[in-house]
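These notes are about the structure you will find just below.
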Amino acid sequence: MKNIVILISGGGSNMKSIVERARRGQWREKHLAQIALIVSNDPHASGIQWAKQQGLKTLVVDHKLHQHAPEPRLSFERELIKALEPHQPDLLVLAGFMRILSPHFVGHYEGKMMNIHPSLLPAFTGLHTHQRALDAGVKFAGASVHWVSQELDAGRIIDQAVVPILPGDQASDLASRVLTQEHLLYPRVIENWLMSASGLLHL
Ligand code: GRF
């Protein structure tokens, strides 16, 4: 049974879709994994409240409490690693986790950390992806799940979902169309990884 830790910073709609998937189907029947912990760097993230109500283990590691440390990012990440280790994570799932991670942290979890990004990578890495896609005039957008590597949004792509860009779309229209697909894509990718890691599926 694998231990999955999900890291969020906000509403955590992707986290919810993963937790819901974990409760049914193959994942549940074959005891593939447990959601060992939900972590937020923001004490006000509404997703943390939801996770608590679901009876999941939650933890807040507030990055702001490290802002006066000599090396704020490293100090925050050291606390994060210390908090994660007792849960023996097999997979770290970044789901709207809005902190850039240093090579120190990424190196520590090399090959064990996935992220979802709301664009068809390698296009539109970074922020404001939907507006940038509209400004560029592309006809399709989407979401990508990728392994986290040292370079931002540049790790090996695991899977993608594509949506059309429709005439008159605003960034918010595109964001919600993409997010609907993210909720299908991310749980499926994780479940496939679990099946493959358990020898039940050959990817
Ligand atoms: C998603 O669009 C995800 O792709 C991006 O941040 C957003 C998080 O949404 N990384 P939520 O917190 O899962 O609702």
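Counting the sequence shown from 1 gives a position; the numbering used here is that position plus 78. Glycine residues also receive a C-beta, built at the ideal position from the N, C-alpha and C atoms. As the structure is a prediction and not an experimental result, all values here were calculated from the model.
Just to confirm, are Phe218 and Arg210 a CB contact at a threshold of 8 Å? Phe218 is not a Cβ neighbour of Arg210, given a cutoff of 8 Å.
Out of Leu252, Leu262, Ile86, state which residue places its alpha-carbon closest to the alpha-carbon of Asp237. It is Leu262.
Have a look at His146, Leu198, Gln131, Glu155 and flag the residue whose alpha-carbon is nearest the alpha-carbon of Val139. Among His146, Leu198, Gln131, Glu155, the Cα nearest to that of Val139 is on Glu155.
Enumerated in chain order, which unbroken segments of the beta strand (DSSP E) with a length of 3 residues or greater are wholly contained in the segment 148-221? The qualifying runs are 169-172, 191-195.
For the ligand GRF, I want to know if Met273 counts as a neighbour, meaning its beta carbon is within less than 7 Å of at least one of the ligand's heavy atoms. In this structure, the C-beta of Met273 stays at least 7 Å away from each heavy atom of the ligand GRF.
Just to confirm the assignment, what range does the beta strand (DSSP E) spanning Asn92 have? For Asn92, there is no enclosing beta strand (DSSP E); the enclosing alpha helix (DSSP H) has its first and last residue at 91-100.
Three-state secondary structure (DSSP) at Ser87? Here Ser87 sits in coil by DSSP.
Could you check if Ile178 is buried or exposed, using at least 16 other CB atoms within 10 Å of its CB as the buried criterion? Taking all protein chains shown into account, Ile178 has fewer than 16 neighbouring C-beta atoms within 10 Å of its C-beta and is therefore exposed.
To the nearest angstrom, report how far apart Ala253 and Ile86 are at their CA atoms. Between the alpha carbons of Ala253 and Ile86 lies a distance of about 18 Å.
When you compare each of Leu143, Lys94, Leu278 to Gln127 by their alpha carbons, which one comes out closest? Considering only alpha carbons, the answer is Lys94.
Could you tell me how far apart the beta carbons of Gly88 and Gly189 are, in whole angstroms, since I believe they sit closer than 8 Å? Taking a contact as a CB-CB distance under 8 Å, the pair Gly88 and Gly189 does not count as one, their CB atoms being some 26 Å apart.
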